[in-house]
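A short write-up of the structure that comes next.
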Amino acid sequence: PVKPGESWGDTPGLLCWWQAPDAAPRRIRRGPGGAGQIPPGVFEQVHRSMGERIRVFALDQLRPVTDELVWDLYAGVGETSALLVGRGARVESVELEPEAVATAERVAPERVTRHIGTVEGWIDRMSPPSAVITNPPRAGMAESVVRGLVTRRPGRIVYISCDPATLARDLSRFGSAYRVTALRSFDLFPQTAHLETVVRLDRA
């Protein structure tokens, strides 16, 4: 919260952006130490420290990934890709938003092959992975994405979801090809029906 006598611009960690109808988003205020590397309008978790905890937990569900190829699907600004590289992985990522990809490239340019576009458009064009981390929007993954993952047969998939309903739908689409071996939910959205859930899937 902003303290009496303190402007929003003086608030550590505060990022505020605004978008008028039919106009591009623009940053209007950022406090010292704020998330200035995130362009206005690009998705980022509102609770950044909790988001980081979730990413680390998700990566901990993978087997050792040194020199292994890991897909980072719906990669956003590349935070998960950077953590994977830090653990020695080679990464192929897919993200729809060009500004998010440009941000990711500035943050961690090494050992990541980045693709701009939909996961549906890229999933059959990438090299076969040893493991996959997928973090789709609330709508979940298209059925063609699940089919593509089943066809490519990575040994392990870690699915990060913000909607229990679409998560359940997508897990059912994997059928008998994968089995759930770990699950943990995080209350990232208090007083709503939404939960951030991390599910580990192993090839059956």
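Per my numbering: the sequence shown = residues 34 to 237.
Don't be surprised by glycine CBs; every beta carbon is placed ideally from N, CA and C.
Please read these numbers as outputs of a predicted model, since none were measured by experiment.
- Per DSSP, reduced to three states, the secondary structure at L234 is strand.
- With respect to the 8 Å criterion, L228 and D220 are classified as neighbours on the basis of their beta carbons.
- Beta bridge pairing from DSSP links V124 with V103, V145.
- Two segments are said to touch when three or more pairs of C-beta atoms, one from each, lie closer than 8 Å; by this definition the segment 172-182 does not touch the segment 139-148.
- Residue environment: D203 is assigned as buried (16 or more neighbouring CB atoms within 10 Å of its CB, all protein chains considered).
- Within the segment 162-202, the complete beta strand (DSSP E) segments of 3 residues or longer fall at 164-167, 189-194, listed in chain order.
- For A215, the beta-bridge partners assigned by DSSP are R233.
- Between the alpha carbons of E138 and E128 lies a gap of roughly 12 Å.
- In the pairwise beta carbon analysis, the segment 205-215 is classified as not touching the segment 165-172: fewer than three pairs are separated by under 8 Å.
- For I193, the closest C-alpha among the options F207, I166, A115, L182 is that of I166.
- In the assembly as shown, P187 is a buried residue. Its beta-carbon has 16 or more other beta-carbons within 10 Å.
- Looking from the CA of A122, the closest CA among T184, A133, E132, L95 belongs to L95.
- With a beta-carbon spacing of about 16 Å, L200 and V152 fall beyond the 8 Å limit used to define contacts.
- In this chain, T225 is not harboured by any alpha helix (DSSP H), its DSSP state being neither H nor E.
- In the three-state DSSP reduction, D93 falls in the helix class (H, G or I).
- Looking at the backbone, the Cα of T113 and that of D105 are separated by about 7 Å.
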